[in-house]
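**Student:** Supplied in structure tokens, the structure appears directly below.
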Amino acid sequence: MDIRKVKKLMELLEQSSMSEIEIVEGEGSLRISRYRNATMAPPVAITTPVVAPIEVTTGVNPSENNISTVDGHPITSPMVGTFYSAASPNSDAFVKIGQHVNQGDTICIVEAMKIMNQIEADQSGTVTEILCTDGDAVEFSQTLVIIQ
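Taking UniProt numbering, the leading residue of the sequence shown gets 1, the next gets one more, and so forth.
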């Protein structure tokens, strides 16, 4: 087969929507394809691996569900994060047990995604219980402090 014919066939293939051309002349044949390898591989069965379930622990003791037996108003975490009782390790805690707080006073900080979120008292009262310590992982809606 003449090289000019091959080049012409390649141009036709590029200009058309065809993906492959095969020409048979006598005993010879020529296949031109847009793909690098014109031979088709047999289909391969794709299986999804089965993953065995694992037990996940949150670091929170089941006996410490932070459900207080003391009556009072719970201050809960509005997000998942890390509890801090002070603005910095060298600072005094925002509140102590027995301290009176007013509505809007900062009770603690919950760090989430490197952002320090101040948790404020939503009512005035006396702090009767602090249920977390610095560095504790806290969950959404977990009780942090009890105010009476």
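Quick reminder that beta carbons are idealized off the backbone N, C-alpha and C, glycines included. This structure is a prediction, so every number in the text was calculated from the model and none was measured.
If you follow the alpha helix (DSSP H) that residue 10 is part of, which residue opens it and which one closes it?
**Tutor:** First-last of the alpha helix (DSSP H) with residue 10: 3 to 15.
**Student:** Just to confirm, is the Cβ distance from residue 92 to residue 148 under 8 Å?
**Tutor:** No, Cβ-Cβ distance for residue 92 and residue 148 is not below 8 Å.
**Student:** Could you work out which residue in 80, 13, 4 and 2 is closest to residue 138 when comparing CA atoms only?
**Tutor:** 80
**Student:** Taking Cβ to Cβ, would you say residue 3 is nearer than 8 Å to residue 20?
**Tutor:** Not closer than 8 Å, so no.
**Student:** DSSP three-state label for residue 141, please.
**Tutor:** If DSSP states are grouped into helix, strand and coil, residue 141 belongs with coil.
**Student:** Do residue 12 and residue 34 come within 8 Å of each other at the CB atom, strictly closer than that value?
**Tutor:** no
**Student:** If you compare alpha carbons, which of 120, 142 and 90 is closest to residue 102?
**Tutor:** 120
**Student:** Should residue 145 be labelled buried (16 or more other beta-carbon atoms within 10 Å of its own) or exposed?
**Tutor:** buried
**Student:** Out of curiosity, what's the CA-to-CA distance linking residue 68 and residue 54?
**Tutor:** Note on residue 68: pLDDT 44, under 50, position unreliable in the model; no value is reported.
**Student:** With burial defined as no fewer than 16 other Cβ atoms inside 10 Å of the residue's Cβ, what is the status of residue 65: buried or exposed?
**Tutor:** For residue 65, the pLDDT reaches just 49, beneath the cut-off of 50, and the residue's location in the model is therefore unreliable, although a value from the coordinates is still provided. Under this definition residue 65 is an exposed residue.
**Student:** In whole angstroms, give me the CA-to-CA distance for residue 76 and residue 134.
**Tutor:** 16 Å
**Student:** Using three-state DSSP, classify residue 31 as helix, strand or coil.
**Tutor:** Strand.
**Student:** Taking the beta carbon of residue 115 as the centre, do at least 16 other beta carbons fall within 10 Å, making it buried, or is it exposed?
**Tutor:** Exposed: under 16 other Cβ atoms inside 10 Å.
**Student:** Under 6 Å Cβ to Cβ from residue 136, same chain only, skipping five residues before and after it: list those, please.
**Tutor:** 83
**Student:** According to DSSP, is residue 79 part of a helix, a strand, or is it coil?
**Tutor:** coil
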